[in-house]
Amino acid sequence: MLTDVGPVQIDVPRDRDASFEPKIVAKRQKRLGGVDEMVISLAAKGLTTGEISAHLAEVYGAEVSRQTISTITDKVVEGMVEWQNRPLDPVYPVIFIDAIHVKIRDGKVANRPIYVALAVTCEGRRDILGLWAGGGGEGAKYWLHVLTELKNRGVADVLMVVCDGLTGLPESIAAVWPATITQTCVVHLLRNSFRYAGRQHWDAIARALKPVYTAPTEAAARERFAEFVEVWGARYPAIVRLWDNAWAEFVPFLAFDPEIRRVICSTNAIESVNACIRPREGPRALPE
374 MLTDVGPVQI
384 DVPRDRDASF
394 EPKIVAKRQK
404 RLGGVDEMVI
414 SLAAKGLTTG
424 EISAHLAEVY
434 GAEVSRQTIS
444 TITDKVVEGM
454 VEWQNRPLDP
464 VYPVIFIDAI
474 HVKIRDGKVA
484 NRPIYVALAV
494 TCEGRRDILG
504 LWAGGGGEGA
514 KYWLHVLTEL
524 KNRGVADVLM
534 VVCDGLTGLP
544 ESIAAVWPAT
554 ITQTCVVHLL
564 RNSFRYAGRQ
574 HWDAIARALK
584 PVYTAPTEAA
594 ARERFAEFVE
604 VWGARYPAIV
614 RLWDNAWAEF
624 VPFLAFDPEI
634 RRVICSTNAI
644 ESVNACIRPR
654 EGPRALPE
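Numbering (this note's numbering), first residue to last: 374 to 661.
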């Protein structure tokens, strides 16, 4: 019997009527559950089946084939499919949607976006609704499929979706949940602004834009933005166009109190989730 402390010899009692039923170790069971958990943990750290097999042999003196290890890790895939299709709550106050780019092995290793949908429940808990792999050129059709999937799993209404200018997503949100507010991530809007500016001006631009996204009302924000345009518009017209194009999805959070603004003005809630996902890429690419 293979256990998490190594191979153990077990003598199974025999009775004349063959009616004995073991309680801890079932008949024909070859390993305890702790071994499966250990294999899954090592796989999550990026070890290959060969490396896991070698590790078990070196540390525990146990001979476990690569095929057995693959069989154990395949159980995780079954659990992931069940998790990805589980029923969801009918209403969520906020859903954050963002992407993390990871290396995926599909014939060759390539960087692919993994889209994460993180919700805040009515009880205030955070819940990851799903993960979806993309190809990097997603549009309205892709997002309509993702949001329809969430709706089919029970999400009837969402008060607000916070996202980062993903192409086609606002239109898809309006199609699936017509009353839902789409909010652009302000942090990403600032980061994107820096792409069009010289590094030496980043601090000055950040200071000039802060009165815009901290304004008490939309009208005040528009006035502060006009002041920004007056100072920086001629030098960096691309930043002005960026904010003008995003304005409709930028201003909704200004209608809320400062405490709520801090929660919904960015997708930072997902950053901690991404930070947990990234180390689990390990030294190798994830299989698709």
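Glycine is no exception: its CB is placed at the ideal position from the N, C-alpha and C atoms.
The structure displayed is predicted, hence computed values, not measured ones.
Only buried fits Ile-578, as 16 or more other CB atoms lie within 10 angstroms of its CB.
Taken in chain order, the complete beta strand (DSSP E) segments of 3 or more residues contained in the region 469 to 535 are 481 to 493 and 499 to 506. C-alpha of Glu-431 to C-alpha of Gly-452: approximately 29 Å in a straight line. A Cβ-Cβ separation of about 15 Å leaves Thr-557 out of contact with Ala-472 under the 8 Å criterion.
Leaving aside the five residues that flank Ile-413 on each side, the residues in its chain whose CB is nearer than 7 Å to its CB run, in chain order, Ile-445, Thr-446 and Val-449. Segment contact: the region 527 to 537 against the region 461 to 469, three or more CB-CB distances shorter than 8 Å; contact assigned. Annotation for Leu-415: Ile-425 place their beta carbon closer than 6 Å to its own, counting only its chain and skipping 5 residues before and after. For Thr-557, the enclosing beta strand (DSSP E) stretches over residues 554 to 557. As the crow flies, the alpha-carbon of Leu-429 is around 28 Å from that of Val-482. Here the region 508 to 524 does not lie against the region 573 to 588, with fewer than 3 beta-carbon pairs under 8 Å apart. Separation of the CB atoms of Arg-526 and Pro-460 is rounded to 6 Å, and the pair is thereby assigned contact status at 8 Å.
Pairing Arg-439 with Lys-418, the inter-Cα distance amounts to about 17 Å. Note on geometry: alpha-carbon atoms of Glu-410 and Glu-591 lie some 53 Å from one another. The region 551 to 569 and the region 495 to 502 do not touch, with fewer than 3 CB-CB distances between them shorter than 8 Å.
The DSSP assignment places 575 to 586, 591 to 605 and 610 to 623 as complete runs of the alpha helix (DSSP H) inside the region 565 to 623, in order along the chain (cut-off: 4 residues).
In the DSSP annotation of this structure, the continuous segment of the alpha helix (DSSP H) that includes Leu-542 starts and ends at 542 to 549. At a Cβ-Cβ threshold of 8 Å, Trp-505 and Ser-545 do not count as neighbours. Within the DSSP bridge table, the entry for Val-464 names Asp-530 as partners. Relative to the Cα of Trp-456, the nearest Cα in the group Thr-553, Gly-509 and Ile-501 belongs to Ile-501. Secondary structure note for Val-437: it is in no alpha helix (DSSP H), with a DSSP letter that is neither H nor E. Closest in alpha carbon position to Leu-491, among Asn-484, Cys-536, Gly-510 and Gly-512, is Cys-536. Under the DSSP assignment, Arg-635 falls in the alpha helix (DSSP H) whose first and last residues are 631 to 637. Lys-418 sits in coil when the DSSP states are folded into three classes, being neither helix nor strand. When Gly-507, Phe-629, Trp-616 and Arg-614 are compared, the shortest CA-CA separation from Ile-477 is found for Gly-507. Taking the Cα positions, Thr-421 is about 10 Å away from Ala-427.
If you compare the alpha carbons of Ala-581, Val-560 and Arg-608 with that of Glu-596, the shortest gap goes to Ala-581. Taking C-beta atoms as the reference points, Thr-540 and Gly-512 count as a pair closer than 8 Å.
Excluding residues up to 5 positions away in sequence, Asp-530, Val-531, Leu-532, Met-533, Val-534, Ile-546 and Ala-547 lie with their Cβ nearer than 8 Å to the Cβ of Thr-553 in the same chain.
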